[in-house]
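So the sequence lines, in the order shown, correspond to chains S and C. Mapped onto UniProt numbering, the consecutive letters of the first sequence carry residue numbers 1 to 162. Mapped onto UniProt numbering, the consecutive letters of the second sequence carry residue numbers 1 to 599. Heads up, the beta-carbon is just placed ideally off N, CA and C, and yes, glycines get one too. Heads up: the structure comes next, in structure tokens.
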Amino acid sequence: MVSSGLQAGAEEAYDKALVAVAYSEDGRYFTEDDVPTYNVQEDGTIDWPTYSGFRRYHSECHVCHGPEGEGSTYAPALKKSALDMDYYDFLDVVTNGRKKVNASENSVMPAFGTNPNVMCYINDIYVYLKARGTDAVARGRPRKKEGKSDVIREEENACLGG
Amino acid sequence: MGRLLISAAMLLLGAGTAVADANLQKLIEDPNQWVIQTGDYKNQRFSKLDQINKDNVKDLQVAWTFSTGVLRGHEGSPLVIGDIMYVHTPFPNTVYALDLNNEARIIWKYEPKQNADVIPVMCCDTVNRGVAYADNKIFLHQADTKLVALDAKTGEEIWSVVNGDPTKGETNTATVLPVKDKVIVGISGGEFGVRGSLTAYNIADGSLAWRAYSMGPDSDILIDPEKTTHLGKPIGKDSGLNTWEGDQWKIGGGTTWGWYSYDPEENLVYYGTGNPSTWNPAQRPGDNRWSMTVMARDADTGVARWFYQMTPHDEWDYDGINEMILTEQDFNGETRKLLTHFDRNGFGYTLDRVTGELLVAEKYDPKVNWATEVVMDPNSDQYGRPQVVAEYSTEQNGEDVNSTGICPAALGSKDQQPASYSPETGLFYVPTNHVCMDYEPFRVSYTAGQPYVGATLAMYPAGDSHGGMGNFIAWDNVKGEIVWSIPEQFSVWSGALATSGDIVFYGTLEGYLKAVDAKTGEELYSFKTPSGIIGNVMSYTHNGKQYIAILSGVGGWAGIGLAAGLTNPNDGLGAVGGYAALSDYTALGGQLTVFALPN
């Protein structure tokens, strides 16, 4: 009961245009502003990048931000940040870090710009968090996913191999 | 002439430190004070005080409180030396000296200047497990690995030394252990590919005495290949190299962020090493020695007498850093010097601490399933090795495969939260986690100063049990059996304290300080402090009256992992979000609460 109320609130809290799929390319999905987004089919199958984002988030981000973008005693809930922040600001904070250090806060986001385990998957992590923010993808491991496209595989190898 | 002068100076120095050492021993043995974090060198965390006992503990009241001014997770405990209490905080690692004769007025406050860039390099919150006292000094090992010796009376810095490099992911969360004329310190950063080490600095001036790495050449790990033993046999040459592929030992992990014990008769320091980096086992073939290892080293030289590797080639992040509790007990009709260790991997180990002989290895949570047993037959080629169950082997299942239902989870059946031993009941009192996991390893690349993890984890309460995420148990280390077990809704993340009052204290993540009957586990007292408890209970007297003190302030790995509640992806839809969220029970805030009986 309570959770459905919260979900209704969350649905109203964001602009559909932020996440609506305008087109897809090689297994990736984009909004009309060419910003990466997630795609969930009617039977619950999610796109590969969102699934990949689930895995990478829980390797790279989880230890501070808690499971599934929910936030922790230590760091904010990124499922909210992915909706509240502009895509390019999100990239900037992940790449260059951010400090909020004052009397009441000592929160420091490190710069991940040189970390291929984050930067090669930054769009995947972004779309996963967006999907969590809108509750399009539930907590836990996504059950059904699209396959990894050849283009995604090639680009991943090129990014990690460099 | 010059040589004579030097010898004379060394004699004088030696005499000075011997006196300091004797004084520290005397202070440690005095139950009215609490001078090092572990209570004593044996890590028993047992208080001989008995004014507060099982009959009157129900009347316990809050005597006074103190806000630390810091919001992060508060681990460790205050110290009491004479009429002064020393309270530390998480980053920025402030230390307060409080005057117990003057209503805990602040005598001095020390706040180090640290670069805030160290904060995100500390995996799982900016906790600190406390200061230690020796030789009229308070030793603080800061988050940024600076070790500072403060004048205990004035808070003035006497010397400082930097132990590691935070830009490479080297940080500190642990306390330090003063031993004779040295202070022993560890290092964190296993999730950043740090090569772990234990280091001894000279108390007099902070100069380096020795450093022992967890892996690498024999000259780095300070062993004698002929004399240092593993399960009774000489270790042989290059064990810290030939159990790794190529140069991987250089970023091998095996950090030393737990607790340290000391046996003055054997002159041995005991501790455990953490997980090998990365969490993807396929990327580091071999036994990865000496990660996941109990170590016994000579306090003067650092040279190892014996090692025991509990989890060769880790596949689950079962760090071996938990405390080593030293006891003298009857074992099969003979009084032996024992070492008892509750490992993250879910086995409770009892060893002979003189020789390193393995005596007992039994599961201290019945849900532990990743291994069937530890082989106890010295003639077996598997002697001392856990027998891994294929279904739960993230190595055998391979990269990019999700292994499900592994118990315990990566946080272990118990993490650093220390157990207590009562020589009066002969039982160990152990705060535990009752959490299982799914674990999917995948390939990662190493960048200095960046996380080097390589696995996705989902954690959830152990199935077919009481639904909670923790237990507080009493353990018989000779039989290897649970004597009683108290189910808890959340992992028990607080260090326990047993006392001569026939009671045991511990804290809970909701924030309760509890007292239970040491023999039966029956709950005798409970009080909800302002925030979740991940600190350790301690006791002292002032003006002849016994006090119990505990730090509240939720956080640490518990605050990260449990804040939003856990989900079991294997339970099917609908159960998701069905487990308690810690954020529904408590909020951030560091506070010390001191309890006493009414006057």
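Sequence-distant residues of its chain with Cβ nearer than 6 Å to C:Ile321 (five each side left out): Walking along the second sequence from the start, residue 321 of chain C turns up at place 321. Cβ within range, chain order: Trp257, Gly258, Gly272 and Gly274.
Own chain partners of C:Trp316 with C-beta closer than 7 Å, once the 5 adjacent residues on each side are dropped: Here residue 316 of chain C is taken as the residue at index 316 of the second sequence, counted from 1. Only Trp370, Thr394, Ile406, Ala410 and Tyr439 meet the Cβ criterion.
Beta carbon of C:Val537 nearer than 8 Å to that of C:Ser494: As a working note, residue 537 of chain C is residue 537 in the second sequence. As a working note, residue 494 of chain C is residue 494 in the second sequence. Their beta carbons are under 8 Å apart, which means C:Val537 touches C:Ser494 by this criterion.
Own chain, CB closer than 7 Å to C:Val161, minus 5 neighbours either side, in chain order: Position 161 of the second sequence, counted from the first residue, corresponds to residue 161 of chain C. Closer than 7 Å at Cβ, skipping near neighbours: Leu147, Tyr201 and Gly206.
DSSP bridge partner residues for S:Val108 (one or two, in chain order): To locate residue 108 of chain S, count along the first sequence from 1; it is residue 108. According to DSSP, S:Val108 bridges with S:Lys99.
Classification of C:Ser219 by the beta-carbon crowding that lies within 10 angstroms, buried from 16 upward: Here residue 219 of chain C refers to the residue found at position 219 when the second sequence is read from its first residue. That one is exposed.
Partner residues on chain S for C:Val444, Cβ-Cβ distance less than 8 Å: Here residue 444 of chain C corresponds to residue number 444 of the second sequence, with the count starting at 1. Ser59 and Asn117, listed in chain order.
Interface flag, residue 626 of chain C vs chain S, CB-CB below 8 Å: Because chain C is modelled from 1 through 599, residue 626 of chain C falls outside the range shown and cannot be assessed.
Three-state class that DSSP yields for residue 602 of chain C in the structure shown: Within the shown structure, residues of chain C are numbered from 1 to 599, placing residue 602 of chain C beyond reach of any answer.
Per-residue burial, C:Ile106 [other beta carbons within 10 Å of its own, 16 or more giving buried]: The sequence position of residue 106 of chain C within the second sequence is 106, counting from 1. Classification for C:Ile106: exposed.
Neighbour flag for C:Asp125 against chain S, beta carbons, 8 Å: Numbered from 1 along the second sequence, position 125 holds the residue referred to as residue 125 of chain C. Chain S contact via Cβ: present.
Inter-stretch contact (C-beta, 8 Å, three-pair minimum) for the stretch 66 to 84 of chain S and the stretch 415 to 423 of chain C: no
Of the listed residues C:Leu208, C:Gly193, C:Leu241 and C:Lys227, nearest to C:Gly216 (C-alpha basis): Within the second sequence, residue 216 of chain C is the residue found at index 216, counting from 1. For C:Gly216, the nearest C-alpha among the options comes from C:Leu241.
Any C-beta of chain C under 8 Å from that of S:Thr114: The count along the first sequence starts at 1 and reaches residue 114 of chain S at position 114. For S:Thr114, the answer is yes, since a Cβ of chain C falls inside 8 Å of its Cβ.
Where C:Pro120 meets chain S, residues with beta-carbon distance less than 8 Å: For the purposes of this step, residue 120 of chain C is taken as the residue at position 120 of the second sequence. What C:Pro120 touches in chain S: Cys64, Gly97, Val108, Met109 and Pro110.
Three-state class that DSSP yields for C:Leu562 in the structure shown: Against the second sequence, residue 562 of chain C aligns to sequence position 562. C:Leu562 falls in the helix class under three-state DSSP.
Whole-angstrom distance between C:Leu566 and residue 167 of chain S, CA atom to CA atom: What is shown of chain S runs 1 to 162, which leaves residue 167 of chain S out entirely.
Residue-level contact to chain C via CB, S:Arg141, 8 Å cutoff: Here residue 141 of chain S is taken as the residue at index 141 of the first sequence, counted from 1. It does: the Cβ of S:Arg141 has a partner Cβ on chain C nearer than 8 Å.
CB contact below 8 Å: C:Lys554 versus chain S: Counting from 1 along the second sequence, the entry for residue 554 of chain C is found at position 554. The sequence given here has Val at residue 554 of chain C, not Lys. Yes, C:Val554 lies at the interface with chain S (some Cβ there is under 8 Å from its Cβ).
Contact list for C:Thr456 against chain S, beta-carbon separation under 9 Å: The sequence position of residue 456 of chain C within the second sequence is 456, counting from 1. Those are Phe54, Arg55, Arg56, Tyr57, His58, Ser59, His62 and Arg141, listed as they occur along chain S.
Euclidean distance between Cα positions of C:Tyr133 and C:Phe139: The residue labelled residue 133 of chain C in the question sits at position 133 within the second sequence. The residue labelled residue 139 of chain C in the question sits at position 139 within the second sequence. Their Cα atoms are separated by approximately 6 Å.
Bridge partners - C:Arg336, DSSP secondary structure assignment: For this step, residue 336 of chain C is matched to residue 336 along the second sequence. Answer by DSSP bridge pairing, in chain order: C:Gln329.
Closest by C-alpha distance to C:Glu391, when choosing among C:Met437, C:Gly412 and C:Asp381: As a working mapping, residue 391 of chain C is identified with position 391 in the second sequence. Checked all of C:Met437, C:Gly412 and C:Asp381; the closest Cα to C:Glu391 is C:Met437.
Close-in-space but distant-in-sequence residues of the same chain around S:Glu156 (CB under 7 Å, 5 per side omitted): Here residue 156 of chain S corresponds to residue number 156 of the first sequence, with the count starting at 1. The residues are Cys120.
Beta carbon proximity, C:Glu395 to chain S, threshold 8 Å: On the second sequence, residue 395 of chain C is found 395 positions in, with the first residue counted as 1. By this cut-off, C:Glu395 is not an interface position.
Rounded Cβ spacing between C:Asn433 and C:Ser403 (contact assumed at less than 8 Å): To locate residue 433 of chain C, count along the second sequence from 1; it is residue 433. To locate residue 403 of chain C, count along the second sequence from 1; it is residue 403. The pair is not a contact, with the Cβ atoms about 19 Å apart (cut-off 8 Å).
Reference C:Tyr585; option with closest CA among C:Val70, C:Ala558 and C:Gly532: Here residue 585 of chain C is taken as the residue at index 585 of the second sequence, counted from 1. Per the Cα distances, C:Gly532.
Sequence-distant residues of the same chain with beta carbon closer than 8 Å to residue 610 of chain C, five excluded per side: In this structure chain C extends from 1 to 599, so residue 610 of chain C is not present and cannot be described.
Range covered by the beta strand (DSSP E) that runs through C:Thr394: Residue 394 of chain C sits at position 394 when you count from the first residue of the second sequence. It is not in any beta strand (DSSP E) - C:Thr394 instead sits in the alpha helix (DSSP H) that spans Thr394 to Asn397.
C-beta contact flag for C:Pro276 and C:Gly253 at 8 Å: Against the second sequence, residue 276 of chain C aligns to sequence position 276. Against the second sequence, residue 253 of chain C aligns to sequence position 253. Closer than 8 Å, so yes.
Reduced DSSP secondary structure (H/G/I, E/B, other) of C:Asp517: Residue 517 of chain C sits at position 517 when you count from the first residue of the second sequence. The answer is strand: DSSP assigns C:Asp517 an E or B state.
Continuous alpha helix (DSSP H) stretch holding S:Cys64: start and end: Walking along the first sequence from the start, residue 64 of chain S turns up at place 64. Residues His62 to His65.
Which listed residue (C:Lys479, C:Phe307 and C:Gly164) has its alpha carbon closest to that of C:Ile223: To locate residue 223 of chain C, count along the second sequence from 1; it is residue 223. For C:Ile223, the nearest C-alpha among the options comes from C:Phe307.
Rounded separation between S:Ser4 and S:Phe112 - CA only: Residue mapping note: residue 4 of chain S aligns to position 4 of the first sequence, counting from 1. Residue mapping note: residue 112 of chain S aligns to position 112 of the first sequence, counting from 1. With a pLDDT of 36 at S:Ser4, under the threshold of 50, the predicted position of this residue should be treated as unreliable, though the coordinate-derived value follows. For S:Ser4 and S:Phe112, the distance between alpha carbons rounds to 36 Å.
Through-space distance from C:Asp377 to S:Tyr74, alpha-carbon basis: Within the first sequence, the letter at position 74 stands for residue 74 of chain S. Within the second sequence, the letter at position 377 stands for residue 377 of chain C. The straight-line gap from Cα to Cα measures roughly 46 Å.
Contact check, C:Thr305 vs C:Thr228, beta carbons under 8 Å: The count along the second sequence starts at 1 and reaches residue 305 of chain C at position 305. The count along the second sequence starts at 1 and reaches residue 228 of chain C at position 228. The identity of residue 305 of chain C in the sequence shown is Arg, whereas the question assumes Thr. In contact: C:Arg305 and C:Thr228 (Cβ atoms closer than 8 Å).
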